[in-house]
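Peer 1: Before we start, here is the structure in question, set down as structure tokens.
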Amino acid sequence: QTYHPRCFKCCECGLCLDGLDFAVNEEDSYKIYCHKDYFKIFSPRCAVCNGTIDPIQGTNEVVRVVSADADYHIDCYKCQRCQMQLTDEPDKMCYPLGKMLFCYNCRL
Ligand SMILES: [Zn+2]
Ligand SMILES: [Zn+2]
Ligand SMILES: [Zn+2]
């Protein structure tokens, strides 16, 4: 795709993207974004802290926990009462209660 040089800028912050990394909105290819805004808008959001789940710096790899159709930071995926890290292991399974996450012992 070609753009007028003056149109070739992030539609969020207006940064000129000439020579920079950029990303195109998959649904609306007329909208282009700088990397920062693209991840801000399209990154999955953690269901606990509501923050975006950013890729590891310098990569496109996003580390997250996906459970019951929600996304979580690894660090946020823990029992909200005793703070134990939850995993798929049988004794550390997550027992969600509404939007809250609990371990087996704390959900009672
Ligand atoms: Zn931008
Ligand atoms: Zn989080
Ligand atoms: Zn617990």
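Take the sequence shown: its letters are residues 1 to 108, numbered as in UniProt numbering. Beta carbons: idealized from backbone N, C-alpha and C, even for Gly.
Taking contact to mean 3 or more Cβ pairs, one atom from each stretch, closer than 8 Å, check whether the segment 12-22 and the segment 31-39 are in contact.
Peer 2: Touching, per the Cβ criterion.
Peer 1: Determine the DSSP secondary structure at K99, reduced to helix, strand or coil.
Peer 2: For the purposes of this step, residue 99 is taken as residue 99 along the sequence shown, with counting starting at 1. Residue state, collapsed to three classes: coil.
Peer 1: Do you know whose CA, among V63, Y38, Q80 and C103, lies nearest T87's CA?
Peer 2: Counting from 1 along the sequence shown, the entry for residue 87 is found at position 87. Of the candidates V63, Y38, Q80 and C103, the one whose C-alpha sits nearest the C-alpha of T87 is C103.
Peer 1: For I56, which three-state DSSP category applies?
Peer 2: Position 56 of the sequence shown, counted from the start, is the residue given in the question as residue 56. Residue state, collapsed to three classes: coil.
Peer 1: Express the C-alpha separation of F39 and M100 in angstroms, rounding to a whole number.
Peer 2: Position 100 of the sequence shown, counting from 1, holds the residue named residue 100. Position 39 of the sequence shown, counting from 1, holds the residue named residue 39. Straight-line Cα distance between these residues: approximately 26 Å.
Peer 1: Can you name, in chain order, every residue of its own chain whose Cβ lies under 8 Å from the Cβ of I97, other than the five neighbours on each side?
Peer 2: As a first step, residue 97 must be located in the sequence shown, where it is residue number 97. The residue asked about is misnamed: residue 97 is Leu in this sequence, not Ile. For L97, where only same-chain residues beyond five positions count, the Cβ hits under 8 Å are R107.
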